[in-house]
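Beneath this line is the structure, given in structure tokens, with notes to follow.
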Ligand code: G3P
């Protein structure tokens, strides 16, 4: 399963990329709003593309299909690794098909049901992003739709990749792995939670304390 970092924060992106922990980046307008400051979003996307080798999702903000296609074309010109993100609306699916026909990869976002995911695949989406945590927030079992989409895509031979999104904790990541999601996008906090274990910390502390009693160097 590919791991994407869900952020537009360049410090976080550099940290994860230099440790070879990630396969790509996803952003959304809210993430840009919280980290762009005075900077031009297009510049930020370019810097992200130059920092991470892999797909970089950049989202449109128009709500009509023509506007989304025009923004998508501008975004796609920034760098070959840009994946244009469109919302799962009728206009978004029209834009998805048009951009896809021009050779641009599209991530269809804000997916909350398996039938929506079917339509995105039919529109030629490269990725579908089901929002697990936001479904949990309203009392559903968000991961169930990831499992259903996996089943439907496999049964009907649909090649769109499942990108589990809105993941809030390591358990979500484990469940996405077990279901067979193609990718998962994680906020930086969840990425680092994946590598932490109290026994790793206490075990290392003990090894180092025992080694000290030898009073030698390696
Ligand atoms: O990639 C979509 C994701 O950023 C949404 O996450 O935590 O805002 O629901 P969240």
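Numbering (the numbering used here), first residue to last: 3 to 220. A virtual CB, placed ideally from N, CA and C, is assigned to each residue, including glycine.
Three-state secondary structure (DSSP) of residue i
{"i": "residue 5", "result": "strand"}
{"i": "residue 219", "result": "coil"}
{"i": "residue 193", "result": "helix"}
{"i": "residue 72", "result": "helix"}
{"i": "residue 168", "result": "coil"}
{"i": "residue 26", "result": "strand"}
{"i": "residue 64", "result": "coil"}
{"i": "residue 158", "result": "coil"}
{"i": "residue 88", "result": "strand"}
{"i": "residue 110", "result": "strand"}
{"i": "residue 117", "result": "helix"}
Neighbour-count burial assignment, residue i, 16 or more Cβ in a 10 Å radius
{"i": "residue 57", "result": "buried"}
{"i": "residue 79", "result": "exposed"}
{"i": "residue 8", "result": "buried"}
{"i": "residue 83", "result": "buried"}
{"i": "residue 14", "result": "buried"}
Nearest-angstrom Cα separation, counted from residue j out to residue i
{"i": "residue 159", "j": "residue 130", "result": "15 angstroms"}
{"i": "residue 215", "j": "residue 198", "result": "27 angstroms"}
{"i": "residue 213", "j": "residue 206", "result": "11 angstroms"}
{"i": "residue 179", "j": "residue 170", "result": "14 angstroms"}
{"i": "residue 77", "j": "residue 140", "result": "33 angstroms"}
{"i": "residue 185", "j": "residue 73", "result": "25 angstroms"}
{"i": "residue 61", "j": "residue 200", "result": "38 angstroms"}
{"i": "residue 194", "j": "residue 188", "result": "10 angstroms"}
{"i": "residue 42", "j": "residue 34", "result": "10 angstroms"}
Proximity to residue i [Cα-Cα], best of the options
{"i": "residue 182", "options": "209, 191, 151", "result": "151"}
{"i": "residue 94", "options": "84, 77, 69", "result": "69"}
{"i": "residue 6", "options": "39, 191, 31", "result": "191"}
{"i": "residue 63", "options": "203, 140, 164, 87", "result": "87"}
{"i": "residue 24", "options": "65, 200, 54, 39", "result": "54"}
{"i": "residue 28", "options": "111, 45, 52", "result": "111"}
{"i": "residue 81", "options": "46, 22, 96", "result": "46"}
{"i": "residue 103", "options": "164, 128, 147, 16", "result": "128"}
Close Cβ partners of residue i (< 7 angstroms) along its chain, the five nearest in sequence each way excluded
{"i": "residue 196", "result": "172, 175"}
{"i": "residue 168", "result": "133, 134, 135, 136"}
{"i": "residue 118", "result": "90"}
{"i": "residue 113", "result": "90, 119, 122, 130, 131, 132, 133"}
{"i": "residue 101", "result": "71, 74, 86, 108"}
Sequence-distant residues of the same chain with beta carbon closer than 6 angstroms to residue i, five excluded per side
{"i": "residue 177", "result": "145"}
{"i": "residue 85", "result": "57, 59, 107, 109"}
CB contact below 8 angstroms: residue i versus chain B
{"i": "residue 144", "result": "Protein chains in the displayed structure number just one, and chain B is not present."}
Beta-carbon contacts of residue i that lie in its chain and below 8 angstroms, excluding the five residues immediately before and after
{"i": "residue 115", "result": "147"}
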